[in-house]
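J.:
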Amino acid sequence: MNKIQYHYTNLAKQIFILICFLYILLRFIIMVEIIVYKIEGYYEATNIPLTLLLYGVLFTFLICLFRGHKFCYSTYDESKLIYHNTLLRTKKTLHLENAKLAVLDTFGVKFFASQNADPKTEQPIFFLPFFRDGIVEAVQIDKFYKMLKANEDIRVVKKFKVLPGYSNKWKFVTIAYGFLAVIFFMSCATPITVIIVLFQNH
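In UniProt numbering, the protein residues as written are 1 to 202.
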């Protein structure tokens, strides 16, 4: 079967997440030093189990954000489309013979049971999203679009010229993530200094 996958929105976002991970890791190292060296005034006030749980949740959350675009994908052939969510271990199936209208808008592909369906008022029988903590692969979704166009039983309506997520306006998002990455990277200086001072004094 053919596959439709997602990839990360932009490199700046991935770098930002990595720097956030680094910052939290540095804070975690400080906490470990406090426990190991039994720093007076801090060691007594540290709830070790709760602190470890908190850092575990934060690390897991950032890893999920970094690899979030890998959790979902779709497979299809000329008869059916299957949307997979590996994180929730679920999947949804659409038999294309039941779809008569496919509308490609800024959010994804909506399938309707009638060619005369009104996308503004009626609920689709199936929805294939363009965004899942990342953007859909352009070449793969274009191949799927061409297959739909070749199906005489399905009316296809495309409401955009440039695939959502690939237009120039998304460059501002990249700049914003880049700016945040620089700020967080500069913030790493303080915990690094604390780590060095604690290590040298013990």
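Cβ atoms here follow ideal geometry from the backbone N, Cα and C, with glycine treated the same way.
Since we're looking at a predicted model, the values are computed, not measured.
Does the beta-carbon of Gly56 have 16 or more other beta-carbons within 10 angstroms, so that it is buried, or is it exposed?
T.: Around the C-beta of Gly56, fewer than 16 other C-beta atoms lie within 10 Å, and the residue is accordingly described as exposed.
J.: Under a three-way DSSP split, which group does Ala99 fall into?
T.: Reduced to three states, the DSSP call for Ala99 is coil.
J.: According to DSSP, Gly108 sits in a beta bridge with which residue or residues?
T.: For Gly108, which the question treats as bridged, DSSP gives the partners Pro129.
J.: How far does the beta strand (DSSP E) with Cys72 in it reach, from first residue to last?
T.: Cys72 to Tyr76
J.: May I have the straight-line CA-CA distance separating His84 from Lys91, to the nearest angstrom?
T.: 4 angstroms
J.: Does the distance from the C-beta atom of Val134 to that of His69 stay below 9 angstroms?
T.: Checking the sequence shown, residue 134 turns out to be Gly, not Val. Against a cut-off of 9 angstroms, the Cβ pair of His69 and Gly134 comes out as a contact.
J.: Give the straight-line distance between the Cα atoms of Gln14 and Pro129, rounded to the nearest whole angstrom.
T.: 21 angstroms
J.: For Phe107, does the count of other Cβ atoms within 10 angstroms reach 16, so buried, or fall short, so exposed?
T.: exposed
J.: For Ala99, collect the residues of the same chain with a Cβ closer than 6 angstroms to its Cβ; drop the 5 residues on either side in sequence, then sort them by chain order.
T.: Phe111 and Ile154
J.: According to DSSP, is Thr93 part of a helix, a strand, or is it coil?
T.: strand
J.: Identify whether Ile39 lies in helix, strand or coil by the three-state DSSP scheme.
T.: Taken through DSSP and simplified to helix, strand or coil, Ile39 comes out as coil.
J.: Where residue 217 and Met1 are concerned, what is the direct C-alpha to C-alpha distance, given to the nearest angstrom?
T.: A query on residue 217 cannot be resolved here, the shown segment of the chain reaching from 1 to 202 and no further.
J.: What residues in its chain sit with their C-beta under 8 angstroms from that of Met31, if we drop five residues either side in the sequence?
T.: Around Met31: Thr46, Thr51 and Tyr55.
J.: Determine the closest residue to Phe160 out of Thr190, Val109, Ala181 and Phe126, with distance taken between C-alpha atoms.
T.: In this structure, Val109 is the residue among Thr190, Val109, Ala181 and Phe126 with its C-alpha nearest to the C-alpha of Phe160.
J.: With a threshold of 9 angstroms between beta-carbons, can Leu58 be considered close to chain D, or not?
T.: Annotation note: the requested chain D is absent from the structure, which comprises a single protein chain.
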